[in-house]
Amino acid sequence: MMRFKQYKHRKAITKTSTYRGLDDYSIFYDLNPEAAFILKSDGVFISLNKAAEKLLGRAKKDLIGLSLYQFIDSSLVNSTIDSIKTLMLGQDSHSISTIITTPQKTSIHVILYVTTYVNEQGIQKLACIAKNIEDIKQYSSKLLKIKNNLNELQEIVKGGIWHYNSHTQKLYWSKQVSKILGIKKRITPINELEQYEYLLKEQDLKHLKSSINNLYFKGRILEISCPIKRRDGSIAYIRIHGKPLKKGDQLSACLTGVIQDTTEYHSIKNKLIEKNIQAENLYNQIEEIVWSIDMTTKKIIFCSNDFEEITGWKLSDLIGPNEFWKETIHPKDKDHVTAAINRLLDGKQTSFHYQFYHASGQLRWGHFKAYPILDSHNKLIRLDGIIQDITCRKEMENKLLHIAYHDHITGLPNRLHFEETLQKKITLAQQANDTFAIFHVDLDRFRHINEMLGYEIGDDLLQYTASRLKEHSHSDYYISRISGNEFAVILSSCELAEAKHQAAKYLESLRPVFKIKDYELYITGSIGIALFPKHGKDLEHLLKNSETALYHAKNGGKNTFKVYCSTMTTESKHRYSLEKDLRNALQTNQLFIEYQPKVSPETQLLTGGEALLRWKHPKLGRVSPGEFIPLAEESDLICHIGDWVIENVCKQMQKWEYEGLPLIPISVNISALHLTKVDLITKVKQALTHYHIPPHLFEIEITETSLIQSSELIFSRLESLKQLGIRISLDDFGVGYSSLTHLLKFQLDALKIDKSLIANLPQKKEDSIIISTLIKMAKGLGISLVAEGVETTDQLKFLKQEECHFVQGYLFSQPVSPLNFSRLVKKGILPVQAH
0 MMRFKQYKHR KAITKTSTYR GLDDYSIFYD LNPEAAFILK SDGVFISLNK
50 AAEKLLGRAK KDLIGLSLYQ FIDSSLVNST IDSIKTLMLG QDSHSISTII
100 TTPQKTSIHV ILYVTTYVNE QGIQKLACIA KNIEDIKQYS SKLLKIKNNL
150 NELQEIVKGG IWHYNSHTQK LYWSKQVSKI LGIKKRITPI NELEQYEYLL
200 KEQDLKHLKS SINNLYFKGR ILEISCPIKR RDGSIAYIRI HGKPLKKGDQ
250 LSACLTGVIQ DTTEYHSIKN KLIEKNIQAE NLYNQIEEIV WSIDMTTKKI
300 IFCSNDFEEI TGWKLSDLIG PNEFWKETIH PKDKDHVTAA INRLLDGKQT
350 SFHYQFYHAS GQLRWGHFKA YPILDSHNKL IRLDGIIQDI TCRKEMENKL
400 LHIAYHDHIT GLPNRLHFEE TLQKKITLAQ QANDTFAIFH VDLDRFRHIN
450 EMLGYEIGDD LLQYTASRLK EHSHSDYYIS RISGNEFAVI LSSCELAEAK
500 HQAAKYLESL RPVFKIKDYE LYITGSIGIA LFPKHGKDLE HLLKNSETAL
550 YHAKNGGKNT FKVYCSTMTT ESKHRYSLEK DLRNALQTNQ LFIEYQPKVS
600 PETQLLTGGE ALLRWKHPKL GRVSPGEFIP LAEESDLICH IGDWVIENVC
650 KQMQKWEYEG LPLIPISVNI SALHLTKVDL ITKVKQALTH YHIPPHLFEI
700 EITETSLIQS SELIFSRLES LKQLGIRISL DDFGVGYSSL THLLKFQLDA
750 LKIDKSLIAN LPQKKEDSII ISTLIKMAKG LGISLVAEGV ETTDQLKFLK
800 QEECHFVQGY LFSQPVSPLN FSRLVKKGIL PVQAH
């Protein structure tokens, strides 16, 4: 792999912007032991020294006019050219690691140190030094070979052999030992060991004698490496290895071992140390952090001095047993960084960008690149890597990215960002089976403001509008400006009721005057709403349908919102017609109310009733509530209907009282959207007061959906109703999203168990257990429990046995007219109906 590095300080080649002549650089050629040459900008040789001729294997006259790239290994030509072109854009020196192939087909690893300059004619040229690093590889190979031989000699003696008897003080050694010690003539045996003590330094001699004593008295192995000084004054390095011989189980007075000449090993080792020092000096001058870790010992081989400056930490602190490096990674990058490190430990090269915390707490960006080194058995033995601080680059990229994806007037995301965000939102919602809403918000008559007052005022108005939309958005929202006077909003996990409530808030937020310079501006807005996945399962249909809804809102008189529905297309004429007829139903007395009794399972006494809305269409006959109620909930029509129901139920209760019937609690269903209306409390209070209905006999039923949308607003409404003395009941309990937290927070008076849980009683064991548990829980919380949809005597028997408070269903009575309900009230006790 070719590596490209930039150096701030190069002594070999001086950075300059002009060049006076080739002779000024004679030292650069004549005294430089490395190959040096001058290139044209296209890589053609202009001049070179003897070392360059030797490296390239051709004479100077044959090389002038040829291209350097002819001698670069074919696999690295393109990368080498790209690197040189890149550095020509600047004037700092650079180094390029590559391979030169000689005419003799010999591959030589080199590092090219390159700098650019301009001659007197203004022509850009390249001054290069090619440093042959092949000898480092050869030294490494020799060192490895010597190490392997030394390991083998511990098992098979191939060095000089020696033998020593402490009783006789006689020492024997082979000819090879004499050669190693530089002794030309020897006596066998040697009786006076002291005469050869001159070979060792004083501290080494003491160490040797101490080790020999340890052999005799402690049975330890003798292993000493030290230098010696021969008679001729030369210095050599030896390694002495020995052990005591045994007689049976006892140690004898005899020692035996080998002496190895390690002079060459030390020579190569010292050269490698010198090369390593040179490499460390080189690496410490570059901007990147260079590091290397021995994975067999977990020890650091090398780490640039800049590591602590850039990261604020010591490498040894980060890679310790506690893996502290993970704590410095930004949380959002931790998973992908950990995965990349695991791939690296599996022997795969890795490279990634990541954010990390400097020891000072500052958040920075880094580019991490690492290479695993494997042995012949594919076992990881070393990791080499580079870390570059790219904080400045990332900051610039983020600035450019922000410009590309944001509106320069409001600072909001632009249409490109909106569409990409919407596509991601669709994908996530599909995976999580979630819903969300998108709004198209248009400022009415904005074009006239631009034309009359100028674009500067218009731009200011857009900024103020963006601020108000953000200020009046719920917690999880996304707002963008997608065209001149049009904004787009995404509301996460948003159902229809909440979307309508939020749209109303947006419209209300635009009502107050905008004071811009010397002008007081009043504007309104129109909003089109589409829900995912109800109104579109892909980006194209969601945008199209929300824009269609916006069009209908603007055509409907502006300053309003419209939810996309099938009535806005030619495919749903029936639904459109039904919605239109429903709006007329209130004025033409097509709507009416029926009442279904609530009965005590213990006594079968009628204890209350539920008011149920019905519609008799002049042409279609009775329309199912399941068809027209959702239609009404798509607009404010459900609120008008709800007001009508409240008024008529109170009126009917007063009529019953005038007829002499005892008043019993009657419950009314209120939609989630109706609960958000500011005037709901006032209208309920006015109806109760006008018809003289005691509040404790008027019960409001809400759905579980109401509790999970705008909970703080709903809580405020319910609290106000409770303060009036009105009872609150939760309808369809057990099949929605309510939790015990909701039950406690909203202080509900009654729970109505959904009929789906009653239908299979008592045969279905799971439902029986759930109902029993709910009854016990309700009693513990002091909440009344009503079982809906009771149709069989077995169901009644089970609920009676479990002491359920009230039941409601066809077993006692279907919903009936006010007249028939009054007759049931007179009866008091209701018999079981035959089926």
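Quick note: the sequence shown uses numbering that gives the first Met the number 0, first residue 0, plus one each step.
Built from N, CA and C at the ideal position, the CB exists for glycine as well.
Buried/exposed call for Y521, threshold 16 Cβ in 10 Å: An exposed status is given to Y521, since fewer than 16 other beta-carbon atoms sit within 10 Å of its beta-carbon.
DSSP state of Q586 mapped onto helix, strand, coil: Annotated three-state conformation of Q586 is coil, per DSSP.
Three-state class that DSSP yields for S571 in the structure shown: Confidence at S571 is low in this model, with a pLDDT of 44, below 50, so the placement of that residue should be treated as unreliable; the coordinate-derived value is given next. Assignment of S571 by DSSP, reduced to helix, strand and coil, places it in the helix class.
Q832 versus V789, E802, K825, V824, residue with shortest Cα-Cα distance: When each option's Cα is compared against that of Q832, the closest is V789.
CB of D437 within 8 angstroms of CB of A496, strictly: It should be noted that the sequence gives Ile, not Asp, for residue 437. Result no, Cβ atoms of I437 and A496 do not sit closer than 8 angstroms.
When E307, Y116, C391, A498 are compared against I37, the one with the closest alpha-carbon: If we check each option's Cα against that of I37, Y116 comes out closest.
Reference H804, options L795, V512, P371, closest by Cα: The alpha carbon of H804 has as its nearest neighbour, out of L795, V512, P371, the alpha carbon of L795.
Inter-stretch contact (C-beta, 8 angstroms, three-pair minimum) for the region 333 to 347 and the region 308 to 320: Touching, no.
Beta carbon proximity, I515 to chain B, threshold 8 angstroms: You won't find chain B in this structure, because it holds only one protein chain.
Beta-carbon proximity check, I258 vs I239, cutoff 8 angstroms: Against a cut-off of 8 angstroms, the Cβ pair of I239 and I258 comes out as a contact.
Alpha carbon of S350 to alpha carbon of A34, nearest angstrom: Roughly 34 angstroms separates the two Cα atoms.
Whole-angstrom C-beta distance between Q653 and H695, which should lie under 8 angstroms: In fact, because the Cβ distance is near 16 angstroms, the residues do not count as touching under 8 angstroms.
Contact under 8 angstroms by Cβ, Y550 with G527: In terms of Cβ geometry, Y550 and G527 form a close pair [threshold 8 angstroms].
Three-state secondary structure (DSSP) of E700: If DSSP states are grouped into helix, strand and coil, E700 belongs with the strands.
Within the region 405 to 472, ranges of the alpha helix (DSSP H) (whole runs, at least 4 residues): Within the region 405 to 472, the complete alpha helix (DSSP H) runs of at least 4 residues are 414 to 431, 445 to 452, 454 to 470.
Backbone CA spacing between E52 and S78 [nearest angstrom]: The C-alpha of S78 is placed about 24 angstroms away from the C-alpha of E52.
D642 to K597 span [Cα, whole Å]: Going by the C-alpha atoms only, they are around 23 angstroms apart.
Buried/exposed call for K124, threshold 16 Cβ in 10 Å: Buried, since its Cβ has 16 or more Cβ neighbours within 10 Å.
C-alpha distance - D580 paired with S623, whole-angstrom precision: It is roughly 14 angstroms from the alpha-carbon of D580 to the alpha-carbon of S623.
Given C127 as reference, the closest of I299, G56, N31 once Cα atoms are compared: It is N31 whose Cα lies nearest to the Cα of C127.
Validate contact between the region 465 to 481 and the region 582 to 597 using beta carbons, cut 8 angstroms, 3 pairs: Contact between the region 465 to 481 and the region 582 to 597 is absent: fewer than three C-beta pairs spanning the two stretches fall below 8 angstroms.
Extent of the continuous beta strand (DSSP E) to which Y195 belongs: If you look at Y195, you'll find it isn't in any beta strand (DSSP E); DSSP assigns it neither H nor E.
Status (buried if at least 16 other CB within 10 Å, exposed otherwise) for T296: Per the 10 Å Cβ criterion, exposed.
For A610, the first and last residue of its enclosing beta strand (DSSP E): Start and end: 605 to 616.
Bridge-paired residues (DSSP) for H366: In the DSSP output, where bridge partners are listed per residue, H366 has H352, Q387.
DSSP-derived helix/strand/coil call for P817: In the structure shown, P817 sits in a helix (DSSP, three-state: H, G or I).
Option nearest L461 by Cα separation, candidates D475, D441, R363: Nearest neighbour of L461 by Cα position, chosen from D475, D441, R363, turns out to be D441.
Closest residue to K533 among I425, F445, P600 (Cα-Cα distance): Among I425, F445, P600, the Cα nearest to that of K533 belongs to I425.
Cβ contact check for the region 407 to 426 and the region 373 to 389: 3 or more pairs under 8 angstroms: Under the Cβ criterion (8 angstroms, minimum of three pairs), the region 407 to 426 does not count as touching the region 373 to 389.
3 or more residues per run - each beta strand (DSSP E) lying fully within the region 746 to 800: The region 746 to 800 contains, as complete beta strand (DSSP E) runs of 3+ residues, the segments 749 to 752, 783 to 787 (chain order).
Proximity to S821 [Cα-Cα], best of K763, I663, L207, E507: It is I663 whose Cα lies nearest to the Cα of S821.
Residue from I768, Y463, Q722 whose Cα sits closest to the Cα of L747: Checked all of I768, Y463, Q722; the closest Cα to L747 is Q722.
Rounded straight-line distance, which links the Cα of L65 to that of T114: C-alpha separation (whole angstroms): 20 angstroms.
Inter-residue Cα distance where the pair is Q813 and G410: Roughly 60 angstroms separates the two Cα atoms.
G365 beta carbon less than 8 angstroms from that of D388: It is a contact, given that the beta carbons lie within the stated cut-off.
Under 8 angstroms between C-beta atoms of H108 and I98: Yes, these two residues count as a Cβ contact at 8 angstroms.
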